[in-house]
Amino acid sequence: MLVLKKKIAALLESAVAEKFGQGLLTKEEIMGMLEYPPDKEMGDLALPCFKLSKTLRRSPMDIAKTLGEALVCDELSSVDVVAGYLNLKLNANVFAARVLREIAEKGNKYGSSGEGKGKTVVLDYSSPNVAKPFHIGHLGTTVIGHSLKLMHEFAGYNCVGINYLGDWGTQFGKLIVAYKKWGSKEKVEEGGVDELVALYVKINNAIKDEEDESVKGLSEEEAARARHSELADLSRAEFAKLEQGDEENLALWRWFVSVSLVEYEKTYKQLGITFDSYKGESFYTDKMPAQVEKLREMGLLEIDDGASIVNLDKWGMPVCLILKRDGSTLYPTRDIAAAVYRKGEYNFDKAIYVTSAAQSLHFAQWFKVVELMGYDWYDKLVHVPYGTVSINGAKLATRTGNVILLKDLFAEAISRVYDIAKEKNPNEEDCRRIAEQVGVGAIVFHYLSNNRMRDINFVMEDALSFDGNTGPYAQYTYARTCSVLEKIKESDSFDLSGIELCSEEHELVKALAVFPEKIANALSDYEPSVITRYILDLCAAFNRFYHDCKIASCEESSRRAFRVALTAATKDVLGTALHLICIATPEKI
Ligand code: ARG
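In my numbering, the protein residues as written are 6 to 594.
Listed below in structure tokens is the structure:
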């Protein structure tokens, strides 16, 4: 549709110039005004002329009439003027032939604008905190992040996916103490990250108990000073040793990180996600001092109650903490150092950070600090936030109590699909593969159906339904295109002369034609849900066509060839679209 919109906009631009005067409207402006009418009876495209009234100094009706008379295009079958609208109907045959030709020629590049050629985008996403649970709150950063990476790659960008692991910080001091006190090599080897999380939860509880004990019977004021825990002191000491390079602690730390990674990798594998870099927070330890020094030299640091901060009053934000009172660094300090490093390493044209909206202030603050430091690439930093996820209905108990782990959510979906698949398909291997592709796909699809900023309530039954607007439904539709095509031996080229397309055919062509526009919107808004919703539109159009039109058994040979080509184009576009939102495309379900 983009191609056609451009063509029509160019024609209208010259018509405006001729009838109303030069330079009044550009084709880009006209492009932006072309709409899809809500009711297809009205036409396939429309130009509302109300806004033009002011610029062109005529009534909307007059403008529509004048432009309608001047507009001649072989891809249009009719141009109607209705109440200030210019309603355009496509010449279905010419349009269908062009769209299908374009899809066949471009193959899996159809829909790519190529805008990213020669440009690099760095994407920071997923980034769980080692030894803390990898829970459903991470679903957003993981799948939105990866989908944005795939979309940018599709548009021709060179992409670097970074998993900025939370692999440094005082939690490792606690974990070392807990491990030495209660843990064992065997238990960690057996239990993996769950065992680490259990140790972490245990020491946090123990610290809290000690602290409560230490203030028993004291007044509030006394308690504030007296509150302490030996285990907490011990943990700080172990972390200090780790920071100083103590071999024993370093070895434990490395082991904890690798045990956790093994576990994350399982989830990433289910999602088909890989990263180009795993440089986590620890990597930046020795890169922070230079940035802190620069801040100090530039006079940007202020001392506030012993801590070093950057005052952001002027920009209506609270202070950005750079160094704690004891001189230790903080989350923003590390992010600043990491951004500087990444600019040097990748020379990015854009750096995207995907995190929950709870971190929006953090990003706004340190982006501002980067700007104040004089880095001219500050405006290439983009924070992409998303809303919260809660779970309803499904009983997904976890060993860590109140949080729901991502792997448990996937396991639950996989096992439910497995039970259904097993009833219909005796082959064990097939069932397992399909259950994983459909189960995981269902969750991702359900999650990505909503605008990312919306807070969502996850209902497993809704996600897994085959009748609703779900992942299984979309995958099933894809498999349906495959099974239609599988039965076709030869694929003829088609000729539409003398054929009148039915509305199911025409609507499906239109659905295929808007794909490039949808991709462009999804990219500019950092919004994978645009693609998810597009997939549903395309599936609906295909299924209507499938139910109402004979494909392989169509008696007219040229119409049959056209319908086969239409099915093949749907398979390709649907496959590309599903891939872009991290969903597998099994050919059989
Ligand atoms: N590890 C952090 C968390 O789980 C997310 C890191 C996001 N990326 C960043 N560059 N700050 O909250």
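Where a beta carbon is used, it is the ideal one built from N, C-alpha and C, also for glycine.
Rounded separation between residue i and residue j - CA only
i	j	result
Thr-403	Tyr-346	Summary for Thr-403: the model assigns pLDDT 46, below 50, so the residue's position carries little reliability; its value from the coordinates is reported in the next sentence. About 38 Å.
Ser-132	Leu-170	5 Å
Leu-9	Asp-49	11 Å
Ser-224	Ala-312	28 Å
Val-2	Glu-33	Outside the modelled stretch of the chain, which goes from 6 to 594, sits residue 2, for which no answer is possible.
Gly-349	Val-578	37 Å
Thr-147	Pro-533	12 Å
Asp-354	Trp-382	8 Å
Gly-580	Lys-593	13 Å
Lys-299	Ala-14	51 Å
Arg-568	Leu-541	20 Å
Leu-386	Ser-563	53 Å
Gly-321	Phe-372	14 Å
Ser-307	Ser-470	The amino acid occupying residue 307 in the given sequence is Glu; Ser does not appear at that position. C-alpha separation (whole angstroms): 57 Å.
Met-502	Cys-554	The residue you asked about is not Met; residue 502 is Ser in the sequence shown. So the alpha carbons of these two residues sit roughly 19 Å apart.
Phe-368	Asn-316	15 Å
Trp-173	Val-297	18 Å
Ile-450	Leu-155	In the sequence as displayed, the identity of residue 450 is Phe instead of Ile. Spanning the two alpha carbons is a distance of roughly 15 Å.
Lys-319	Ser-333	26 Å
Ala-69	Ala-516	26 Å
Val-206	Tyr-478	40 Å
Residue(s) in a DSSP beta bridge with residue i
i	result
Lys-94	Ser-83
Val-126	Cys-164 and Lys-355
Ala-312	Asp-309
Ala-51	Glu-40 and Asn-92
Ser-282	Ile-167
Asn-134	Gly-171
Val-148	For Val-148, which the question treats as bridged, DSSP gives no partner whatsoever.
Ser-395	Asn-462
His-140	Leu-410
Thr-334	Leu-328
Ser-361	Tyr-391
Residue i, enclosing beta strand (DSSP E) - first and last residue
i	result
Val-463	The sequence given here has Phe at residue 463, not Val. Element bounds for Phe-463: 461–464.
Cys-325	325–328
His-233	Here His-233 belongs to no beta strand (DSSP E), and DSSP marks it neither H nor E.
Leu-386	386–391
C-beta atoms of residue i and residue j nearer than 8 Å
i	j	result
Val-264	Val-359	no
Phe-550	Glu-510	yes
Pro-337	Leu-328	no
Trp-258	Phe-139	no
Phe-520	Tyr-115	yes
Leu-583	Leu-144	no
Thr-393	Ser-361	yes
Tyr-611	Lys-576	It is not possible to answer for residue 611, since the shown part of the chain is limited to 6 through 594.
Met-38	Lys-11	no
Leu-153	Val-389	yes
Ile-556	Thr-537	no
Asp-130	Gly-161	Looking at the sequence itself, residue 130 is Tyr, so the reference to Asp does not match. For Tyr-130 and Gly-161, no; Cβs fall outside 8 Å.
Phe-25	Leu-61	yes
Leu-52	Leu-91	yes
Gly-119	His-157	no
Ala-658	Ala-356	Look at the range of the chain in this structure, 6 to 594, and you will see that residue 658 is not part of it.
For residue i, the first and last residue of its enclosing alpha helix (DSSP H)
i	result
His-2	Shown here, the chain extends from 6 to 594; a query on residue 2 therefore has no answer.
Phe-415	411–429
Met-303	Premise fails: Met-303 is in no alpha helix (DSSP H) and is neither H nor E.
Arg-564	562–585
Gln-370	365–377
Glu-191	190–219
Ser-265	252–276
Arg-62	Careful: Arg-62 lies outside any alpha helix (DSSP H) and carries neither H nor E.
Thr-486	476–491
Lys-596	In the structure displayed, the chain extends from 6 to 594; residue 596 sits before or after that span and is not available.
Ser-534	534–553
Phe-288	Taken as a continuous stretch (DSSP letters only), Phe-288 belongs to no alpha helix (DSSP H), as it is neither H nor E.
Val-77	No alpha helix (DSSP H) holds Val-77; DSSP gives it neither H nor E.
Asp-435	433–452
- Query: Does the count of Cβ pairs from the region 455–463 and the region 439–446 closer than 8 Å reach three?
  - Reply: no
- Query: Per the contact definition of three or more C-beta pairs closer than 8 Å, is the region 372–380 in contact with the region 226–240?
  - Reply: At 8 Å Cβ cutoff, the stretches do not touch.
- Pair every Cβ in the region 411–422 with every Cβ in the region 106–123, then say whether three or more of these pairs are closer than 8 Å. no
- Report yes or no: do three or more beta-carbon pairs, one from the region 537–557 and one from the region 506–525, lie closer than 8 Å? yes
- Message: Is it the case that the region 115–128 contacts the region 157–176, given that we only count it when at least three CB pairs across the two stretches are under 8 Å?
- Response: yes
- Query: Are the region 72–81 and the region 97–109 touching, with three or more C-beta to C-beta distances below 8 Å?
  - Reply: yes
- Message: Three Cβ pairs or more, each shorter than 8 Å: is that satisfied between the region 298–314 and the region 267–284?
- Response: no
- Task: Report yes or no: do three or more beta-carbon pairs, one from the region 174–191 and one from the region 199–212, lie closer than 8 Å?
- Result: Flag = yes, the region 174–191 and the region 199–212 touch.
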